[in-house]
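What follows is a short report on a single structure.
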Amino acid sequence: MTAITLIEDAATLNSQLASLDLAGRLSLVAGLGGRAVFTTSLGIEDQVITAEIGNHRLPIEVATLQTGRLFPETLALIDETESQYDIRIVSYEPEQTDIDAYAEKYGLNGFYESIEARHACCSVRKLKPLARALSGASIWITGLRRGQSANRADTPFAEFDPERNLIKINPLADWDIDVIRAYVADNSVPVNPLHARGYPSIGCEPCTRAIKPGEPERAGRWWWENDEKRECGLHVHEEGAAAAQ
-15 MTAITLIEDA
-5 ATLNSQLASL
5 DLAGRLSLVA
15 GLGGRAVFTT
25 SLGIEDQVIT
35 AEIGNHRLPI
45 EVATLQTGRL
55 FPETLALIDE
65 TESQYDIRIV
75 SYEPEQTDID
85 AYAEKYGLNG
95 FYESIEARHA
105 CCSVRKLKPL
115 ARALSGASIW
125 ITGLRRGQSA
135 NRADTPFAEF
145 DPERNLIKIN
155 PLADWDIDVI
165 RAYVADNSVP
175 VNPLHARGYP
185 SIGCEPCTRA
195 IKPGEPERAG
205 RWWWENDEKR
215 ECGLHVHEEG
225 AAAAQ
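The numbers in the working numbering rise by one with no breaks, and the one at position 127 of the sequence shown is 111.
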């Protein structure tokens, strides 16, 4: 498929998804054909999507990026989620050679020292494993929401991802955190216990802290950096990624 065709398809999907509930959105995407992959960080919004996929037995692959620096609570939640929904969450890990090369150049925890080093770490532990997870996929499903940060305020339901040449689906784009929490409570969805300890957004353990009252949801990610639009690069297009560095 050409980029122009995918852009047109994404625009059509964006319109169609807006009028559907979550089950309808995921069912529509699952019926498009091709390989659909949902990448989960095991955060509360991602758990909602996993619950829908599992409960409705949708033909959508569920994958996670096992960076090697995740919280123990996140790792335990993988097993609990697989058991509850009778699904497999495929883990994609960084290559040891890449980790060794990073440590030699920056030090194992060099990401605290510069934005360049932090982006390099995210590349090794997230971006390269993501590329393997999405290899051959035509649809990438994420848990992005407009309310997560100012940088994500314009998140569409569907968009063309030019770096990966696929359509990216954000079925929770218009859900706010109160709706997410209500769904979790009503449907007994397992969630990371760190959420109750002030961690609304959970990534790698060395790079995540609890937020303070009044702070945005993602303020605890890469908390030592000053850039309010900081991202790991998973959801930033090439031109945006350069601006974020």
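The beta-carbon is built from N, C-alpha and C at its ideal position, and this holds for glycine as well.
Considering only the alpha carbon of each residue, which of ILE73, ILE28, TRP208 and TRP159 lies closest to ARG9?
Selected option, being the one with the closest Cα: TRP159.
On the DSSP bridge list, what partners appear for CYS106?
Paired residues: none, contrary to the question.
Apart from the five residues on each side of it in sequence, which residues of its chain come closer than 8 Å, Cβ to Cβ, to ILE151?
The answer, listed in chain order, is LEU(-10), ASP(-7), ALA(-6), LEU(-3), SER122, ILE123, TRP124, ALA142, GLU143, PHE144 and ASP145.
Rounded C-beta distance between SER67 and THR48? I'm assuming under 8 Å.
With 8 Å as the limit, SER67 and THR48 do not qualify as a contact, their Cβ atoms being about 15 Å apart.
Note the first and the last residue of the continuous alpha helix (DSSP H) segment covering TYR69.
Note, TYR69: alpha helix (DSSP H), 56 to 69.
Quick one: what does DSSP say SER185 is sitting in, helix, strand or coil?
In the structure shown, SER185 sits in coil (DSSP, three-state: anything other than H, G, I, E or B).
Quick check: what's the CA-CA separation for GLU209 versus TYR86?
The alpha-carbon atoms of GLU209 and TYR86 are separated by roughly 20 Å.
Distance, ARG109 Cα to PHE95 Cα
Near 12 Å, if we compare the C-alpha coordinates of ARG109 and PHE95.
Opening and closing residue of the beta strand (DSSP E) in which SER98 lies
Element bounds for SER98: n/a, residue is neither H nor E.
In the DSSP assignment, the beta strand (DSSP E) including ILE123 goes from what residue to what residue?
Its beta strand (DSSP E) spans residues 123 to 125.
Please report how far the alpha carbon of GLN229 lies from the alpha carbon of ARG205, in whole angstroms.
Here GLN229 scores only 26 on pLDDT, less than 50, and its place in the model should not be relied on; the value that follows carries that caveat. Near 15 Å, if we compare the C-alpha coordinates of ARG205 and GLN229.
Going by C-alpha distance, which of ALA115, GLY131, VAL175 and PRO177 is nearest ASN149?
It is ALA115 whose Cα lies nearest to the Cα of ASN149.
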